[in-house]
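Visitor:
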Amino acid sequence: MPKNKSKAHLKGKVVGYLLLVVLLLFLTIVCYLFISPQIKKSVPLDINYVTSGTAKVGLVASSTNLQVNQTSTISLKVTQVPSGFKYSGLAFSIKIPDALSVSNLVESTKLTTSAAHTTTTVQKTGYKEMQLIAGNVSGSEIPLAVNDVLLTFDVTSTLATTQTISFVFETTDKTYPALIDASLNDILDDNLTNATVTFVLPTLPDPTFVPNGGRFNTSQSVTLSDSVSGTTLTYCTANIGTSCTPTTTYSSAISLTSSKRIYAVASKSGYNNSSVVFKEFVKNISPTISISTNGTSFTQGASVVITASASDSDGTLAKVEFYNGATLLNTDTTSPYSYTISNISAGSYSLSAKAYDNESLVTTSNTVSVSVVLPTLSAPTFSPNGGRFNTSQAVTISNAVSGTTIKYCVSTSTCTPSTTYSTPVTISTSTSIYASASKSGYLDSSVSSASFVKNTPPSVSITSPSNNSTYDSGNTIPMSASASDDSSVAKVEFYNGSTKLGEDLTSPYNFSYSNVSAGSYSFKARAIDNESLYTDSSTVSVTVLAPNVPPSVTITSPASGSSYTVIDSVNVNVSISDSDGAISKVEYFDGSTLVTSVPGNSTSYNYGNLSGGSHTLKVTATDNRNDSTSKSITVNVLDGNVDGVSGTNLSDILYIVSAIFGNVSKTTQMDLNFSGSVDIIDIIKLINIVFAS
Numbered sequence: 001m002p003k004n005k006s007k008a009h010l011k012g013k014v015v016g017y018l019l020l021v022v023l024l025l026f027l028t029i030v031c032y033l034f035i036s037p038q039i040k041k042s043v044p045l046d047i048n049y050v051t052s053g054t055a056k057v058g059l060v061a062s063s064t065n066l067q068v069n070q071t072s073t074i075s076l077k078v079t080q081v082p083s084g085f086k087y088s089g090l091a092f093s094i095k096i097p098d099a100l101s102v103s104n105l106v107e108s109t110k111l112t113t114s115a116a117h118t119t120t121t122v123q124k125t126g127y128k129e130m131q132l133i134a135g136n137v138s139g140s141e142i143p144l145a146v147n148d149v150l151l152t153f154d155v156t157s158t159l160a161t162t163q164t165i166s167f168v169f170e171t172t173d174k175t176y177p178a179l180i181d182a183s184l185n186d187i188l189d190d191n192l193t194n195a196t197v198t199f200v201l202p203t204l205p206d207p208t209f210v211p212n213g214g215r216f217n218t219s220q221s222v223t224l225s226d227s228v229s230g231t232t233l234t235y236c237t238a239n240i241g242t243s244c245t246p247t248t249t250y251s252s253a254i255s256l257t258s259s260k261r262i263y264a265v266a267s268k269s270g271y272n273n274s275s276v277v278f279k280e281f282v283k284n285i286s287p288t289i290s291i292s293t294n295g296t297s298f299t300q301g302a303s304v305v306i307t308a309s310a311s312d313s314d315g316t317l318a319k320v321e322f323y324n325g326a327t328l329l330n331t332d333t334t335s336p337y338s339y340t341i342s343n344i345s346a347g348s349y350s351l352s353a354k355a356y357d358n359e360s361l362v363t364t365s366n367t368v369s370v371s372v373v374l375p376t377l378s379a380p381t382f383s384p385n386g387g388r389f390n391t392s393q394a395v396t397i398s399n400a401v402s403g404t405t406i407k408y409c410v411s412t413s414t415c416t417p418s419t420t421y422s423t424p425v426t427i428s429t430s431t432s433i434y435a436s437a438s439k440s441g442y443l444d445s446s447v448s449s450a451s452f453v454k455n456t457p458p459s460v461s462i463t464s465p466s467n468n469s470t471y472d473s474g475n476t477i478p479m480s481a482s483a484s485d486d487s488s489v490a491k492v493e494f495y496n497g498s499t500k501l502g503e504d505l506t507s508p509y510n511f512s513y514s515n516v517s518a519g520s521y522s523f524k525a526r527a528i529d530n531e532s533l534y535t536d537s538s539t540v541s542v543t544v545l546a547p548n549v550p551p552s553v554t555i556t557s558p559a560s561g562s563s564y565t566v567i568d569s570v571n572v573n574v575s576i577s578d579s580d581g582a583i584s585k586v587e588y589f590d591g592s593t594l595v596t597s598v599p600g601n602s603t604s605y606n607y608g609n610l611s612g613g614s615h616t617l618k619v620t621a622t623d624n625r626n627d628s629t630s631k632s633i634t635v636n637v638l639d640g641n642v643d644g645v646s647g648t649n650l651s652d653i654l655y656i657v658s659a660i661f662g663n664v665s666k667t668t669q670m671d672l673n674f675s676g677s678v679d680i681i682d683i684i685k686l687i688n689i690v691f692a693s
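Numbering (the UniProt record's numbering), first residue to last: 1 to 693.
1. May I have a chain-ordered list of the alpha helix (DSSP H) segments no shorter than 4 residues that lie completely inside the stretch 299-349?
2. Between which two residues does the beta strand (DSSP E) holding Leu111 run?
3. I believe Asn330 touches Gly301 by the beta-carbon criterion, under 8 Å. Please report the beta-carbon distance rounded to the nearest angstrom.
4. Grab me the residues of Val370's own chain with a C-beta within less than 7 Å of its C-beta, minus the 5 sequence neighbours each way, in chain order.
5. Take Arg526 and list the residues in its own chain whose beta-carbon comes closer than 6 Å to its own, dropping the five residues that flank it on each side.
6. For Leu150, which of Ala160, Thr112 and Phe167 has the nearest alpha-carbon?
7. On a CA-only basis, which of Ser592, Ser252, Gln67 and Ser532 is nearest residue 756? Give me that one, please.
8. Which two residues bound the contiguous beta strand (DSSP E) that contains Leu59?
9. Tell me whether the beta-carbon of Ile555 lies closer than 8 Å to the beta-carbon of Lys631.
10. Taking Thr426 and Ala394 to be in contact with their CB atoms under 8 Å, please state how far apart those CB atoms are, rounded to whole angstroms.
11. Answer with buried or exposed for Thr419, where buried requires no fewer than 16 other C-beta atoms within 10 angstroms of its C-beta.
12. Tell me whether the stretch 373-384 and the stretch 395-404 touch, counting them as touching only if at least three CB pairs, one residue from each stretch, are closer than 8 Å.
13. Our contact map puts Ser517 next to Ser473 with C-beta atoms below 8 Å; I'd like the distance itself, whole angstroms only.
14. Within the continuous beta strand (DSSP E) that includes Pro550, where are the two ends?
15. If you follow the beta strand (DSSP E) that Val368 is part of, which residue opens it and which one closes it?
16. Straight-line CA distance for Pro458 to Ala490?
17. Do the CB positions of Val542 and Ser432 come within less than 8 Å of each other?
18. Between the alpha carbons of Asp623 and Asp578, how many angstroms are there, rounded?
19. Tell me the rounded alpha-carbon separation between Asn601 and Val553.
20. Could you tell me which residues DSSP pairs with Ile594 in its beta bridges?
21. Using a Cβ-Cβ cut-off of 7 Å (strictly less than) and excluding sequence neighbours within five positions of Thr158, which residues of its own chain qualify?
22. Determine the burial state of Glu531: buried for a count of at least 16 other Cβ atoms within 10 Å of its Cβ, exposed for fewer.
23. Report the partner residues of Leu233 according to the DSSP bridge assignment.
24. Could you tell me the alpha carbon to alpha carbon distance between Ser498 and Ala621, rounded to whole angstroms?
25. Tell me where the beta strand (DSSP E) around Asn163 begins and ends.
26. Output the boundary residues of the beta strand (DSSP E) element that contains Ser577.
27. Would Ser604 and Ser538 be called neighbours here (beta carbons separated by less than 8 Å)?
28. In whole angstroms, what is the alpha-carbon distance linking Asp485 and Asp529?
29. Would you please state the rounded distance, in angstroms, between the beta carbons of Ser466 and Ser480? I believe it to be under 8 Å.
30. Mind checking Asn385: buried by the 16 CB within 10 Å criterion, or exposed?
31. Checking 8 Å against the spacing of the C-beta atoms, do Val197 and Ile94 come in under that value?
32. Please check the pair Thr234 and Tyr250, which I expect to be a contact at CB under 8 Å, by giving their CB distance rounded to whole angstroms.
33. To the nearest angstrom, report how far apart Tyr588 and Asp627 are at their CA atoms.
34. In terms of DSSP beta bridges, what is Lys354 paired with?
35. Which residues in the same chain have their Cβ closer than 7 Å to the Cβ of Val595, if we skip the five residues on either side of it in sequence?
36. Could you check if Val122 is buried or exposed, using at least 16 other CB atoms within 10 Å of its CB as the buried criterion?
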């Protein structure tokens with residue numbers, strides 16, 4: 001589109017808008033000048049402005065929620081106005097429903113200072129219309145400011161209702177045409193505020209409980225009341241933690257003996273019922289208590305401890321009191337609860353306790369009977385307290401309590417103490433001492449006793465070695481003893497004279513005396529018992545010899561190898577001696593056969609005729625220490641038979657030879673070595689032997 005054409009178009013539109021505005025302004029002025037005198041505008045308030053701008057007024061209630069017959073003050077209040085706003089005239093109407101009563105109309109100086117003002121109430125159908133006009137026809141100016149109150153009046157109602165006090169919009173009322181100013185350049189804003197008030201029936205106050213709930217001990221009387229006279233109170237009771245609906249009309253105090261809730265409500269015509277309220281009444285549970293003591297039997301002067309176990313399941317304990325019978329002994333306010341009766345006197349006591357809780361409930365405990373007697377003296381004591389003694393014993397008797405009188409008696413059997421003790425009692429035989437003690441303020445002691453046994457020395461004897469026994473030097477002498485005692489043997493000691501050799505602590509009692517030198521010994525044993533008494537045994541004499549020299553034995557004749565005939569007697573001569581002792585016996589043997597034993601010493605022995613053959617003749621000498629020495633010889637014995645010579649024997653031959661030549665003394669030494677049978681050659685040999693001899 002061409003630029004010039006666009007500008008022309010825009011210019012045309014502006015001109016059109018301006019013409020429209022002028023037309024609207026003209027129509028407004030025409031309506032105001034010609035139509036408004038005939039019809040009120042759509043606002044209830046007309047103001048002739050001195051200062052242009054928008055102003056607002058509203059109806060404000062001091063209370064919007066009221067009970068029946070209560071009063072609310074309605075104010076006509078300026079809520080908006082330009083700075084420096086002034087008016088020269090105004091008019092409005094207020095609609096008040098007939099359900100409301102109006103009183104105390106008060107106009108402010110914003111109205112009464114006007115040159116002319118009127119307030120008229122006109123009854124209409126269903127409401128009252130309050131008409132107000134104010135202004136100064138001479139043109140005086142009245143300023144208005146925000147929160148200015150133009151007038152106030154009170155409204156009230158006898159019915160429960162909600163009503164609105166509002167501005168009236170009418171089209172036919174021409175009451176105030178004189179206030180219409182054709183030169184008005186602005187009108188009051190349409191956003192006006194009405195006032196709504198609500199009247200309701202009053203609600204009865206909640207019933208009052210006396211007492212106002214809480215705890216009670218045995219029973220509780222509860223009264224109900226209401227501050228509004230003429231009310232009806234109904235109630236019900238329920239267990240704690242449950243509810244109920246009040247149905248019972250209250251007429252007198254409610255009596256409770258257990259924990260309960262009481263629900264109650266108040267009612268009256270013209271009032272709303274009160275709230276259903278309840279109060280709890282809790283019956284106090286008595287505390288529990290039990291007591292114990294540290295015994296039921298005591299001696300005078302002892303301490304008796306009373307211990308109480310107390311608790312309160314629904315509260316706290318305030319105190320515990322301790323009693324003997326009806327006499328208060330002590331009060332304890334803190335746990336653990338106890339009381340000690342110190343240095344108690346003899347007598348009988350009935351001990352108890354009372355527990356008090358925080359609600360002053362009290363419980364009495366069990367009763368503990370306690371008996372307190374005079375103390376009994378302890379039994380006398382002995383020093384030494386019995387036992388064994390050796391020779392005599394001094395016994396001291398005493399008592400732990402000073403000033404006591406001690407009596408005693410001495411006997412091997414039970415006796416009654418009657419002798420007053422003053423110095424130690426000396427005894428020398430086995431016996432017993434009995435004693436008792438007495439003192440004023442004490443019960444007599446029991447009888448005590450101590451037994452004393454006089455110790456008997458032990459007995460002992462040596463069982464080895466035997467008396468007068470002998471031993472070789474260097475050998476070991478075994479020593480043994482037998483010992484006994486009326487109590488026990490502590491040990492046995494072995495002595496040589498006064499020299500202790502050794503000891504043995506246990507039975508059998510033995511000691512080995514080794515490597516003993518030659519000499520004479522006097523042995524004894526000493527038994528010592530557990531009380532240190534001892535006894536020596538009889539003495540045993542023992543000889544210990546030096547090393548023994550065996551006997552000396554010599555066979556002086558015949559010579560070994562000698563020959564004999566069977567008719568010869570064989571006589572053996574010996575020389576026997578002992579350099580360090582004596583010969584106890586001499587024994588003669590033929591081979592291994594003992595022929596004879598000669599006591600003491602011997603010089604010879606005749607064996608008599610020996611049988612033919614070879615014989616070993618042995619001589620054994622034994623000395624006094626049993627050592628022996630043996631010597632042996634061999635002899636040959638010829639028998640009387642000659643082989644080959646009938647009827648002739650060797651004896652006959654020897655006899656013939658002996659008869660012819662006389663006694664041949666050396667025949668026992670002849671060498672008769674015959675070989676084979678004896679013949680004439682043998683005889684010739686025999687003759688040669690004889691002659692040779």
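For each residue, glycine too, the CB sits at the ideal point set by N, CA and C.
Guide: Taking the geometry as given:
1. With a minimum length of 4 residues, no continuous alpha helix (DSSP H) run stays inside the stretch 299-349.
2. Following the DSSP letters along the chain, one finds Leu111 in no beta strand (DSSP E) but inside the alpha helix (DSSP H) bounded by residues Thr109 to Thr112.
3. 19 Å between Cβ atoms; not a contact.
4. Here Val370 has Thr293, Thr296, Phe298, Val304, Tyr349 and Leu351 as same chain residues with Cβ atoms under 7 Å from its own Cβ, once five neighbours each way along the sequence are excluded.
5. Closer than 6 Å at Cβ, skipping near neighbours: Glu493, Tyr534 and Asp536.
6. With distances taken between Cα atoms, Leu150 lies closest to Thr112.
7. The structure shown does not extend to residue 756, since the chain spans only 1 to 693, so no value can be given for it.
8. Residues Lys56 to Ala61.
9. For Ile555 and Lys631, yes; Cβs fall inside 8 Å.
10. Going by Cβ atoms, the distance from Thr426 to Ala394 rounds to 5 Å, so yes, they are a contact pair.
11. Thr419 counts as exposed, since fewer than 16 other C-beta atoms from the protein chains shown sit within 10 angstroms of its C-beta.
12. Yes, the stretch 373-384 touches the stretch 395-404.
13. 6 Å between Cβ atoms; contact.
14. Careful: Pro550 lies outside any beta strand (DSSP E) and carries neither H nor E.
15. That run of the beta strand (DSSP E) goes Val368 to Val373.
16. C-alpha of Pro458 to C-alpha of Ala490: approximately 10 Å in a straight line.
17. No, they are not a contact pair.
18. The alpha-carbon separation between Asp623 and Asp578 amounts to approximately 7 Å.
19. The alpha-carbon of Asn601 is positioned some 11 Å away from that of Val553.
20. Ile is not the amino acid found at residue 594; the sequence shown has Leu there. For Leu594, the beta-bridge partners assigned by DSSP are Phe589.
21. For Thr158, where only same-chain residues beyond five positions count, the Cβ hits under 7 Å are Val68 and Asn69.
22. By the beta-carbon neighbour count (other beta carbons within 10 angstroms, threshold 16), Glu531 is buried.
23. Partner(s): Ala266.
24. Ser498 and Ala621 have their C-alpha atoms roughly 40 Å apart.
25. Checking the sequence, you will find Gln at residue 163 rather than Asn. Segment Thr161 to Phe167, the beta strand (DSSP E) holding Gln163.
26. Ser569 to Ser577 is the span of the beta strand (DSSP E), which, as asked, contains Ser577.
27. No. Outside cutoff.
28. Cα to Cα, Asp485 sits roughly 7 Å from Asp529.
29. By a beta-carbon distance limit of 8 Å, Ser466 does not contact Ser480. Their separation comes to about 11 Å.
30. Exposed: under 16 other Cβ atoms inside 10 Å.
31. No. Outside cutoff.
32. In this structure, Thr234 and Tyr250 form a Cβ contact; the two beta carbons are roughly 7 Å apart against a cut-off of 8 Å.
33. Spanning the two alpha carbons is a distance of roughly 16 Å.
34. Answer is Glu321 and Thr364.
35. Excluding positions up to five away in sequence, the list reads Tyr588, Phe589 and Tyr607.
36. Around the Cβ of Val122, a 10 Å sphere holds fewer than 16 other Cβ atoms; the residue is exposed.
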